[in-house]
Amino acid sequence: MTAAASVEAAGGRHRGDVRPPGEPRRIGYLYVLPGLLVYAAFVLVPFGHTLWISFHAWDGITPSAWVGLDNYRRVFTDPQVRETFTHALVLVLFYALLPLVLGLLLAALLSRMRVRGISVFRAVLFLPQVVALVSVGIVWRWILAPDGPLNEGLRAAGLGSSARPWLGDFGWALPSVGLVGTWVMFGLAMVLLVAGAQKIPTSLYDAARVDGAGPVREFFVVTLPGLRNEIVVVLVLTTTAALRSFDLVYVMTGGGPGTSTSVPSYRLYTAAFQTGEAGLGAAIGIVLAIAIFIVAFAITRVGERSST
Amino acid sequence: MSGTLERAVNYGLLVLFSVLALAPIAGILLTAFHGPDAVVSGFAIPDPFTLDSFRQAWKEGAFGSSLWTSAMITSTTVALSTVLSLLTGYAFGTMRFRGSSFLFYVFLFGLLMPFEATIIPLYFDFRRIGLTDTVWGVILPSTALSIAFGTFWMRAFFLSAPRSLIEAARIDGASSLGVLVRVLLPYGRPAILTMVVLVFMWTWNDFLLSLVMLSGQNILTAPLSLVFFQTQRQTHVQLLAAASIIVAFPVLLVYVFLQRHFIRGMVSGSLKG
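Read top to bottom, the protein sequences are chains L and F. All the letters of the first sequence, read from the start, carry residue numbers 1 to 308 under UniProt numbering. All the letters of the second sequence, read from the start, carry residue numbers 1 to 273 under UniProt numbering.
#1: Taking the beta carbon of H261/F as the centre, do at least 16 other beta carbons fall within 10 Å, making it buried, or is it exposed?
#2: Do three or more CB pairs link the stretch 280-293 of chain L to the stretch 62-73 of chain L at distances below 8 Å?
#3: What are the start and end residues of the alpha helix (DSSP H) that includes H87/L?
#4: Among F121/L, G148/L, T261/L, whose alpha-carbon lies nearest the alpha-carbon of L16/F?
#5: Helix, strand or coil for A156/F per DSSP?
#6: At least one CB of chain L closer than 9 Å to the CB of G27/F: is that the case?
#7: At 4 residues or longer, and completely inside the stretch 89-124 of chain F: list those alpha helix (DSSP H) runs for me, N to C.
#8: Does DSSP classify A132/L as helix, strand or coil?
#9: If you draw a straight line from the C-alpha of A241/F to the C-alpha of T270/L, how long is it?
#10: Counting only the same chain and skipping the five closest in sequence on each side, list residues whose C-beta sits under 8 Å from that of A169/F.
#11: Name the chain L residues whose beta carbon is nearer than 7 Å to that of Y255/F?
#12: Please report whether the beta-carbon of G110/F lies at a distance below 9 Å from any beta-carbon of chain C.
#13: In its own chain, which residues sit with a C-beta less than 7 Å from the C-beta of M1/F, not counting the 5 before and 5 after it?
#14: Applying a beta-carbon distance threshold of less than 7 Å, which residues of chain L neighbour F43/F?
#15: Nearest CA to the CA of I25/F: which residue from L51/L, V124/L, W58/L?
#16: Taking Cβ-Cβ distances below 8 Å as the criterion, which residues of the stretch 183-208 of chain F are in contact with chain L?
#17: Could you give the distance in angstroms between the alpha-carbon of L110/L and the alpha-carbon of N229/L?
#18: Following the continuous alpha helix (DSSP H) through L235/L, name the residue where it begins and the one where it ends.
#19: Pick from A65/L, P264/L, I231/L: whose alpha carbon is nearest that of G87/L?
#20: On the DSSP bridge list, what partners appear for H236/F?
#21: Using a Cβ-Cβ cutoff of less than 7 Å, which residues in the same chain neighbour Y250/L once the five nearest sequence positions on both sides are dropped?
#22: Got a sec? Which residues, its chain only, sit under 6 Å from S41/F by beta carbon, not counting five neighbours each side?
#23: Please name the residue in L145/F, R155/F, V227/F whose C-alpha comes closest to that of A40/L.
#24: Where does W58/L sit, in a helix, a strand or coil, going by DSSP?
#25: Can you list the residues of chain L that I73/F reaches, using a CB-CB cut of under 9 Å?
#26: Are the CB atoms of L220/F and T74/F nearer to each other than 9 Å?
#27: Over the uninterrupted alpha helix (DSSP H) stretch that includes G294/L, give me the two end residues.
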């Protein structure tokens, strides 16, 4: 915000102070108030209320009973709840890491080259981001169905033994959902990272070359540090999406087979609205929120530190 | 050197990734243009091309009414959150008042908070006061969440707006609201449009909030009716394909015309503050 501060200083010259352009200070509250009221009523207050519920046993109908940290204990010890967080971590690999690696690969290859028609590629690669996830889920459910295009393709290629009911298989259902997440996210990562790589000054590459760097060293010495901000943004966006995933799971597997694809949001939904465990659902919500804050904070901090 | 080969390989990779992004969408389009009674296997070219599956899906899934509900919810959310975010962003971006940075962080909290962490009390409170199974049950929470992003986004815009513009208007005697409406709004049209486009997409595509709030199934949003349609017509691929396209279409249509706003917003709107 240093730029903002200097702009403010420049703007205040008429009055001889650093106040923004002559606005009466207190009128600011008036402008913030309507938005703040709506935001407080439907975000802040419910968040506090969730915290309150998370310390209670409550079925949503009868009066609730204080149980202290019991719900949180269940989140961390009940295998059927704890595993949802493990599943979310697996999804992070597919939603965040795989797209990041693919994006970095493309960014490294394209970093020194002017790409013709880049805006068309960008629009196409970004497309999966704007399709409603429920539609995405239905499309991929069809592709991955026992007699769907994927299995048919495998059989046609003579790999019939690899064909399987992808979403009905205990071992494959979660990675299958994860790969759909990869499909949704890889374009976003590529668009961001390629755009970032194109902004790295060519002189840096020339200097590296003069120092005798090959393509690999060039990548680690020039491209990777130059993309630090973009990597942070990609990781925050994709990791939070992975931790929160709900739509794809609901549409593609309903958490199954068994509970092999159940994720925190899905367990929260069933606990609060189907099995009368609103307290447990609330605790999952709070833990999920804290996890997301920690992850986003950690990614940002690591990104900042590696800048020096 | 091997410049030409390198270029060819790079373009080849770009094309490959583009094909991967497009193939599922192309597959579902091809499927949807088959007649409802055709036997579809894999990525087959429809013969003949027909809109019959769209017609039948539209009727059976009652998508007319759910698209209308989605349109009402989305337009109201966009309108409300745009006005409110303009006001908060204006204050945070151009004025200084005690506690302003603390208040701004309060809004930032909503940018990152998963709204799963609010949905349980929202549902039970809304049910008590009769807001579930109404459009307002969806509009109010999504407006509130959109304000978090809108405040962040508009503040960044107002911070970058040239001071001289505001100064000049003030010397001409414009009130603070006058500066906002007559000077900054026209100047900020692209930034506002980006915000409108993103809130439109997020609200239209939302599923969890409407699943919870409209659980009585008297009114449905488009994504919600798609999921119910899926459970009814589990195996009827053409109808499901057509229905998926119907639901995704409005956003895709806007994307065709304003894709740069989508990309710019999602790429730079993410946590730079």
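A virtual CB, placed ideally from N, CA and C, is assigned to each residue, including glycine.
Put simply:
#1: On the second sequence, position 261 is the one that residue 261/F refers to. Classification of H261/F: buried, given that the 10 Å Cβ count is 16 or more.
#2: yes
#3: Start at 1 with the first residue of the first sequence, and residue 87/L comes out as number 87. 79-92 is the extent of the alpha helix (DSSP H) around H87/L.
#4: The residue you call residue 16/F lines up with position 16 of the second sequence. Among F121/L, G148/L, T261/L, the Cα nearest to that of L16/F belongs to F121/L.
#5: For the purposes of this step, residue 156/F is identified with residue 156 of the second sequence, where counting begins at 1. Helix.
#6: The residue you call residue 27/F lines up with position 27 of the second sequence. Closer than 9 Å: yes.
#7: 100-112
#8: Locating residue 132/L in the first sequence gives position 132, counting from the first residue. Reduced to three states, the DSSP call for A132/L is coil.
#9: For the purposes of this step, residue 241/F is identified with residue 241 of the second sequence, where counting begins at 1. For the purposes of this step, residue 270/L is identified with residue 270 of the first sequence, where counting begins at 1. Answer to the nearest angstrom: the Cα atoms are 28 Å apart.
#10: Residue 169/F sits at position 169 when you count from the first residue of the second sequence. Around A169/F: G178, V179, R182, V183.
#11: Taking the first residue of the second sequence as position 1, residue 255/F is located at position 255. Those are V130, listed as they occur along chain L.
#12: In the structure shown, chain C does not exist; the protein chains are L and F.
#13: For the purposes of this step, residue 1/F is identified with residue 1 of the second sequence, where counting begins at 1. Bear in mind that a pLDDT of 44 at M1/F, under 50, signals an unreliable position, so the number given afterwards is only what the model happens to contain. If we look at M1/F and ignore the five residues flanking it on each side, it has no Cβ neighbours.
#14: Within the second sequence, the letter at position 43 stands for residue 43/F. What F43/F touches in chain L: P149.
#15: Along the second sequence, one-based indexing puts residue 25/F at 25. Checked all of L51/L, V124/L, W58/L; the closest Cα to I25/F is V124/L.
#16: M201, W204, N205, F207, L208
#17: Along the first sequence, read from residue 1 onward, the residue named residue 110/L stands at position 110. Along the first sequence, read from residue 1 onward, the residue named residue 229/L stands at position 229. Roughly 18 Å between the two C-alpha positions.
#18: Residue mapping note: residue 235/L aligns to position 235 of the first sequence, counting from 1. Start and end: 228-244.
#19: Within the first sequence, residue 87/L is the residue found at index 87, counting from 1. In the sequence as displayed, the identity of residue 87/L is His instead of Gly. Considering only alpha carbons, the answer is P264/L.
#20: Locating residue 236/F in the second sequence gives position 236, counting from the first residue. None; H236/F has no bridge partner.
#21: The count along the first sequence starts at 1 and reaches residue 250/L at position 250. Here the set comprises Y266.
#22: What you label residue 41/F is simply residue 41 of the second sequence in a count that begins at 1. Here the set comprises nothing.
#23: Against the first sequence, residue 40/L aligns to sequence position 40. The shortest Cα separation from A40/L among L145/F, R155/F, V227/F belongs to L145/F.
#24: The residue given as residue 58/L occupies position 58 in the first sequence. Three-state result, W58/L: coil.
#25: Numbered from its first residue, the second sequence carries residue 73/F at position 73. Near I73/F there are no residues of chain L at all, since even the closest Cβ is about 14 Å away, more than 9 Å.
#26: If you number the second sequence from 1, residue 220/F lands on position 220. If you number the second sequence from 1, residue 74/F lands on position 74. Contact flag unset, no.
#27: Residue mapping note: residue 294/L aligns to position 294 of the first sequence, counting from 1. For the sequence presented, residue 294/L should be read as Ile rather than Gly. That run of the alpha helix (DSSP H) goes 278-305.
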